[in-house]
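Novice: Pasting in a structure now, in structure tokens, and then I'll have a few things to ask.
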Amino acid sequence: MTNRKRVGTLDEMIKTINQYTQGWIQYYKDGELKTFLAKQMEYLRHRLRALIWKRWKKVDTKYRQLKARGASHKEAMTYANSRKQYWRISKSKLLNRIFSKEKFKQWKLKDFIEILEK
478 MTNRKRVGTL
488 DEMIKTINQY
498 TQGWIQYYKD
508 GELKTFLAKQ
518 MEYLRHRLRA
528 LIWKRWKKVD
538 TKYRQLKARG
548 ASHKEAMTYA
558 NSRKQYWRIS
568 KSKLLNRIFS
578 KEKFKQWKLK
588 DFIEILEK
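With positions in the sequence shown counted from 1, the corresponding number in the working numbering is that position plus 477.
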């Protein structure tokens with residue numbers, strides 16, 4: 478579902494993830510899942526941040542996208558020119574601030590805990 482080479486938009490990916498997780502959680506909801514699901518949700522957001530960063534292939538694109546999302550000039554230049562790999566950059570404070578839990582909710586990514594508690 479979150480293969481780095483996957484073709485398609487982020488919206489399509491989120492829609493697929495929502496479909497799979499809703500069924501999976503409904504099937505297993507009788508067990509002790511809350512802690513496990515919280516960790517999985519954290520991992521999924523991390524993975525999506527890495528995918529977004531990978532899709533911004535060029536330094537110019539990274540810089541423009543970061544500036545458009547509220548990063549300062551210095552932050553945008555530092556991160557856009559960084560040689561760190563996708564996974565490591567996706568753990569950064571800047572990307573966590575730009576792509577926060579609220580941003581993923583705006584993109585309609587369903588929180589696993591909310592699905593469980595329904």
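Note that the Cβ used here is the ideal one computed from N, Cα and C, for glycine as well. No experiment lies behind these values; they were computed from the predicted model shown.
Starting from Lys570 and walking both ways along the alpha helix (DSSP H), at which residues does that stretch end?
Specialist: Residue numbering aside, residue 570 sits at position 93 when the sequence shown is read from its first letter. In the DSSP assignment, Lys570 falls within the unbroken alpha helix (DSSP H) covering 570-575.
Novice: Helix, strand or coil for Asp537? Go by DSSP, reduced to three states.
Specialist: The residue you call residue 537 lines up with position 60 of the sequence shown. Correct three-state label for Asp537: helix.
Novice: Out of Leu525, Asp537, Arg526, which has the shortest C-alpha to C-alpha gap to His550?
Specialist: For the purposes of this step, residue 550 is identified with residue 73 of the sequence shown, where counting begins at 1. Among Leu525, Asp537, Arg526, the Cα nearest to that of His550 belongs to Asp537.
Novice: Excluding the 5 residues flanking Leu487 on each side, which residues of the same chain have their C-beta closer than 8 Å to its C-beta?
Specialist: Position 10 of the sequence shown, counting from 1, holds the residue named residue 487. Here the set comprises Leu525, Leu528, Ile529, Trp584.
Novice: In whole angstroms, what is the alpha-carbon distance linking Lys561 and Lys516?
Specialist: Position 84 of the sequence shown, counting from 1, holds the residue named residue 561. Position 39 of the sequence shown, counting from 1, holds the residue named residue 516. Those two C-alpha atoms are separated by around 24 Å.
Novice: Where Leu586 and Lys492 are concerned, what is the direct C-alpha to C-alpha distance, given to the nearest angstrom?
Specialist: In the sequence shown, counting from the first residue as 1, residue 586 sits at position 109. In the sequence shown, counting from the first residue as 1, residue 492 sits at position 15. Whole-angstrom Cα-Cα distance: 8 Å.
Novice: Compute the distance between the beta-carbons of Ile566 and Arg546, then report whether it is under 7 Å.
Specialist: In the sequence shown, residue 566 corresponds to position 89, counting from 1. In the sequence shown, residue 546 corresponds to position 69, counting from 1. Their beta carbons are not under 7 Å apart, which means Ile566 does not touch Arg546 by this criterion.
Novice: By how many angstroms is the C-alpha of Gly485 removed from the C-alpha of Ala548?
Specialist: In the sequence shown, residue 548 corresponds to position 71, counting from 1. In the sequence shown, residue 485 corresponds to position 8, counting from 1. One C-alpha to the other measures close to 26 Å.
Novice: Short check: CB of Glu552 to CB of Leu571, under 7 Å?
Specialist: Looking up residue 552 in the sequence shown gives position 75. Looking up residue 571 in the sequence shown gives position 94. The answer is yes: Cβ separation under 7 Å.
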